[in-house]
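Chemist:
Protein chains: 2
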Amino acid sequence: MFWIAFVIFLAACFGAGATGAMFPPGAWYRSLNKPSWTPPDWLFPVAWTTLYLCMATAGARVAVADDNAIAMGLWALQIALNTLWTPVFFGLHRIRAGMVVLGCLWVAVAAAMVALWQVDWIAGALFAPYLLWVTVAGALNGAVWRLNPEVARAGGAQPAE
Amino acid sequence: MFWIAFVIFLAACFGAGATGAMFPPGAWYRSLNKPSWTPPDWLFPVAWTTLYLCMATAGARVAVADDNAIAMGLWALQIALNTLWTPVFFGLHRIRAGMVVLGCLWVAVAAAMVALWQVDWIAGALFAPYLLWVTVAGALNGAVWRLNPEVARAGGAQPAE
Chain S
0 MFWIAFVIFL AACFGAGATG AMFPPGAWYR SLNKPSWTPP DWLFPVAWTT LYLCMATAGA
60 RVAVADDNAI AMGLWALQIA LNTLWTPVFF GLHRIRAGMV VLGCLWVAVA AAMVALWQVD
120 WIAGALFAPY LLWVTVAGAL NGAVWRLNPE VARAGGAQPA E
Chain P
0 MFWIAFVIFL AACFGAGATG AMFPPGAWYR SLNKPSWTPP DWLFPVAWTT LYLCMATAGA
60 RVAVADDNAI AMGLWALQIA LNTLWTPVFF GLHRIRAGMV VLGCLWVAVA AAMVALWQVD
120 WIAGALFAPY LLWVTVAGAL NGAVWRLNPE VARAGGAQPA E
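One line per chain: the protein sequences are S and P, in this order.
Under numbering that gives the first Met the number 0, the residue at position 115 of the first sequence is numbered 114, and the numbers go up by one with no gaps.
Under numbering that gives the first Met the number 0, the residue at position 63 of the second sequence is numbered 62, and the numbers go up by one with no gaps.
(1) Enumerate in chain order the residues of its own chain whose CB-to-CB distance from S/ARG60 is below 6 Å, with the five nearest sequence positions on each side excluded.
(2) Out of curiosity, what's the CA-to-CA distance linking S/VAL63 and P/ASN67?
(3) Over what stretch of residues does the alpha helix (DSSP H) that includes P/THR82 continue unbroken?
(4) Distance, Cα to Cα, S/VAL164 vs S/THR37?
(5) Starting from S/MET0 and walking both ways along the alpha helix (DSSP H), at which residues does that stretch end?
(6) Quick check on P/GLY155: does DSSP put it in helix, strand or coil?
(7) With burial defined as no fewer than 16 other Cβ atoms inside 10 Å of the residue's Cβ, what is the status of S/TRP2: buried or exposed?
(8) Here's a check: name, in chain order, each residue in its chain whose Cβ is nearer than 7 Å to the Cβ of S/ASN81, leaving out the five neighbours to either side.
(9) Could you check where the alpha helix (DSSP H) with P/LEU101 kicks off and where it finishes?
(10) Taking 8 Å as the threshold (beta carbon to beta carbon), is S/ALA159 in contact with chain P?
(11) For the segment 21-38 of chain P against the segment 128-142 of chain S, do three or more pairs of beta-carbon atoms, one drawn from each stretch, fall closer than 8 Å, so that the two count as touching?
(12) Do you know whose CA, among S/MET54, S/ALA20, S/GLY97 and S/MET0, lies nearest S/ALA111's CA?
(13) Cβ of P/ALA62 less than 8 Å from any chain S Cβ?
(14) Using three-state DSSP, classify S/THR37 as helix, strand or coil.
(15) Between P/VAL150 and P/ILE94, how many whole angstroms is the CB-CB distance? I'm expecting something under 8 Å.
(16) Does the distance from the C-beta atom of P/GLY97 to that of P/VAL87 stay below 8 Å?
(17) Quick check on S/ALA57 - is its C-beta less than 8 Å from some C-beta in chain P?
(18) Go ahead and label P/VAL133 buried or exposed: buried means 16 or more other beta carbons lie within 10 angstroms of its beta carbon, across all protein chains shown.
(19) Enumerate in chain order the residues of its own chain whose CB-to-CB distance from S/TRP84 is below 7 Å, with the five nearest sequence positions on each side excluded.
(20) Please state whether DSSP places P/LEU91 in a helix, a strand or coil.
(21) Can you check whether the C-beta of P/TRP116 is within less than 8 Å of a C-beta belonging to chain S?
(22) Name, going along the chain, the residues of the segment 76-101 of chain S whose beta-carbon falls closer than 9 Å to a beta-carbon of chain P.
(23) Looking at the structure shown, is P/VAL61 part of a helix, part of a strand, or coil, going by DSSP?
(24) Please classify S/LEU50: is it buried, with 16 or more other beta-carbons within 10 angstroms of its beta-carbon, or exposed?
(25) So, are the CB atoms of S/ALA70 and S/ALA124 less than 8 Å apart?
(26) Put S/ILE43 into one of helix, strand or coil per three-state DSSP.
(27) From S/VAL6, S/TRP47 and S/PHE13, pick the residue whose C-alpha is nearest to that of S/LEU131; which is it?
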């Protein structure tokens, strides 16, 4: 049962991850002023693949446990918000709306980590790198906002007609 | 516990639903050839709001039950794929990729309905209108593909630079 659940949670992660392939950073992202500590491009897919394996393991461990209601709700919430961020930021170029989504995602991931930990501490610990990465992503989104005030004020591009 | 879980699952639904506000149909969708049975625009938000209430109720009912591992995994999978479809179709104008996402979503919703039903038949029944609506959406996506071969072949717009 654990492995079936693991595969399903991993599929949910790769559903979210499909946004990375369909909304690639592209010329717009390259043109932005970015902070000196911006992670190199190659690190993003490596980090996400690792995080997906951790997230799916955490989800499956808690799914087969009892008293998992809140943890399972929060796992679903974070994957929906995770899927939302990339199209908003890289698709619409909406830096401020992206910040709002990332803020919500950070809260959801932190709450999920606590709820998972209460059921199974290993599952909670598996969410710690994810929370760290979302913190970095949030700091990067915030720095991009600060360093590109004109772009942020423009409110992003309309989707191509 | 049911109500806390309900609010969390509903938040996940509205996270997915935010795509509808951020990637509105717009001029591109209006310009497409659509079948005679296309639902009117006002029906989409009404239908989705109703479905979200059903989906959150189903999720929370099964979250507080035992032996919910597969159902909870599939609930998370469907909300990720649900969040993915709108940016792909309305954001990128990728009719064929949208069809692939909708096909995956249909399978996930059907599987979730069965898995929820095995835990709690009311929860399974609450997913039936959702499966019906995704079937309609899939037929519409397919008809748009058939009726707009040039647009579909173009493979969609690039995100605005």
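We put the CB at the ideal spot given by N, CA and C, even for glycine.
Modeler: In terms of the structure at hand:
(1) Around S/ARG60: ASP119 and ALA122.
(2) If I take the Cα positions, the gap works out to 7 Å.
(3) From DSSP, the alpha helix (DSSP H) with P/THR82 extends over 68-85.
(4) The question about residue 164 of chain S has no answer, for chain S in this structure spans 0 to 160.
(5) S/MET0 -> no alpha helix (DSSP H), and no H or E assigned at all.
(6) Coil at P/GLY155, not helix or strand.
(7) With fewer than 16 Cβ atoms within 10 Å of its Cβ, S/TRP2 is classed as exposed.
(8) The residues ALA15 and LEU104, in chain order, have a CB closer than 7 Å to that of S/ASN81 in the same chain once the five nearest residues on each side in sequence are set aside.
(9) Its alpha helix (DSSP H) spans residues 94-118.
(10) Low local confidence applies: a pLDDT of 49 at S/ALA159 is under 50, so the model's placement there is unreliable, and no value is given.
(11) Contact between the segment 21-38 of chain P and the segment 128-142 of chain S is absent, with fewer than three C-beta pairs closer than 8 Å.
(12) Minimum Cα-Cα distance from S/ALA111 among the listed residues S/MET54, S/ALA20, S/GLY97 and S/MET0 corresponds to S/MET54.
(13) The beta carbon of P/ALA62 falls within 8 Å of a beta carbon belonging to chain S, placing the residue at that interface.
(14) In the structure shown, S/THR37 sits in coil (DSSP, three-state: anything other than H, G, I, E or B).
(15) Rounded, the Cβ-Cβ distance is 6 Å, consistent with contact.
(16) Taking C-beta atoms as the reference points, P/GLY97 and P/VAL87 count as a pair closer than 8 Å.
(17) It does not: the Cβ of S/ALA57 has no partner Cβ on chain P nearer than 8 Å.
(18) Buried, by the Cβ-count rule.
(19) Hits under 7 Å: GLY97, VAL100, LEU101 and LEU104.
(20) It is coil, neither helix nor strand.
(21) No Cβ of chain S is located within less than 8 Å of the beta carbon of P/TRP116.
(22) Flagged, chain order: LEU76, GLN77, ILE78, ALA79, LEU80, ASN81, THR82, LEU83, THR85, PRO86, VAL87, PHE89, GLY90, LEU91, HIS92, ARG93, ALA96 and VAL100.
(23) In the structure shown, P/VAL61 sits in a helix (DSSP, three-state: H, G or I).
(24) Of the other Cβ atoms in all chains shown, 16 or more fall within 10 Å of the Cβ of S/LEU50; this residue is therefore buried.
(25) At a Cβ-Cβ threshold of 8 Å, S/ALA70 and S/ALA124 do not count as neighbours.
(26) The sequence given here has Phe at residue 43 of chain S, not Ile. Three-state result, S/PHE43: helix.
(27) Of S/VAL6, S/TRP47 and S/PHE13, the residue nearest in Cα terms is S/TRP47.
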